[in-house]
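K.L.:
Using the working numbering, the first residue of the sequence shown is number 18, and each one after it goes up by one.
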Amino acid sequence: MEKSNNLRSSVYLSITAIIWGIAFVFQSMGNDSMGAFTFTASRYFLGFLFLLPILLIKYYHPRFLADSDEIPLKKIPKRFTVVGGVLCGLALGTATIFQQYGLKNTSVGKAGFITTLYIILTPILGLLLGRKCRFTVWIGAFAAILGMYLLCVKDGFYIESGDLLVFICAIFFSVHIMIIDSFAPKTNGVLLSCIQFLISSVFCGVIAFIVEQPSFEQLQNALIPILYTGIMSSGVAYTMQILGQRNFNPTVAAMIMSFESVISAVAGYFAWKWNFLTQDQSLNLLQIIGCVIVFGAVIFVQLPIGKIKRHGD
């Protein structure tokens, strides 16, 4: 029975990684039709609308998609949850904006691998909060720096602006994860996510009306990218993540979901070959080696080496 549940969880998380990896293609396509703030506001508002009925169902049927230790909606600390949702929404919106702008000047595959560095950056940023950092994280960080060099630095020793923006995006995703880690255990996960999508949408939407010129025509032209990133990447993938991580090893779960970086590279290449993207998405040999090193570093920092050693002692 346990093996069957583990297999089901692995399938759910694999689907999540595939959806998130392909999302980079649609984000890049969205840049062709509208500004970054307009696109981000649109996708997260759609994600909010998708989760809203799930939230209502969970309110009247608490066992729907419930984790074993999840707090029922009727018993959550409301003010605490709102504060957490606002902070998560601002961090998520900021991270996505940097990612969206970065995709204008870098390939889908490179963006996917650079974004995945949040798995290494999160424990390093945790040092600022007094949290211990395992030695494997430092090894992984140095390996990731080497991989990033091969992946991003061209002749003349410069990094493209898009690569730098996506790296900043990874930093904000790390901040986003740390905020979730502080608030999620004390509130309801679906409600927290629903609030963060709404805040991200409002935050980016207000700026969009100031610095961009949103129009209904833009929404029509970017309808498919918005539908995919809003419903699939935000709504469906989030639900799959909840189902997959329930009673499943979190380290293994993170390793499975980190495959989104590989999926993004493959999806970006075929999207370019099939003329869905105009920007060259191919990678040279050194960049491929850099991808392998970055991905290896991401996997390495998630291996429970310290735990295994202590168990052996």
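Positions of the beta carbon are idealized from the N, C-alpha and C atoms, including for glycine.
What are the start and end residues of the alpha helix (DSSP H) that includes VAL154?
P.N.:
152-169
K.L.:
Within the same chain, show all residues whose beta-carbon is closer than 6 Å to that of ARG25, passing over the 5 residues directly before and after it, in chain order.
P.N.:
none
K.L.:
Measure the C-alpha to C-alpha separation of ILE248 and GLY307 and round it to an integer number of angstroms.
P.N.:
32 Å
K.L.:
Let's test the definition: count the other Cβ atoms within 10 Å of the Cβ of THR295 and tell me whether it reaches 16, buried, or not, exposed.
P.N.:
exposed
K.L.:
Classify LEU63: buried if its beta carbon has 16 or more other beta carbons within 10 angstroms, exposed otherwise.
P.N.:
buried
K.L.:
Under 8 Å by Cβ, that's how I've got THR153 and PHE317 pegged, so tell me the actual separation to the nearest angstrom.
P.N.:
At roughly 6 Å, the Cβ-Cβ gap stays under 8 Å, so THR153 and PHE317 are in contact.
K.L.:
What's the call for GLU234, buried or exposed, on a 16-neighbour Cβ count within 10 Å?
P.N.:
exposed
K.L.:
If we ignore side chains and look at the alpha-carbon of each, how far apart do TYR286 and PHE81 end up?
P.N.:
39 Å
K.L.:
Within 10 angstroms of its Cβ, does GLY333 collect 16 or more other Cβ (buried), or is it exposed?
P.N.:
The requested residue 333 is not part of the displayed model; the chain covers only 18 to 330.
K.L.:
TYR29 to GLY261, Cα distance in whole Å?
P.N.:
5 Å
K.L.:
Below 8 Å on the Cβ atoms is my guess for THR139 versus ILE194; work out the distance and round it to an integer in Å.
P.N.:
Right, their Cβ atoms sit about 5 Å apart.
K.L.:
Below 8 Å on the Cβ atoms is my guess for ALA284 versus GLY38; work out the distance and round it to an integer in Å.
P.N.:
6 Å
K.L.:
Does the beta-carbon of GLN213 have 16 or more other beta-carbons within 10 angstroms, so that it is buried, or is it exposed?
P.N.:
buried
K.L.:
Between the region 45-64 and the region 196-207, do at least 3 Cβ pairs fall closer than 8 Å?
P.N.:
no
K.L.:
Classify ILE93 as helix, strand or coil using the three-state DSSP reduction.
P.N.:
coil
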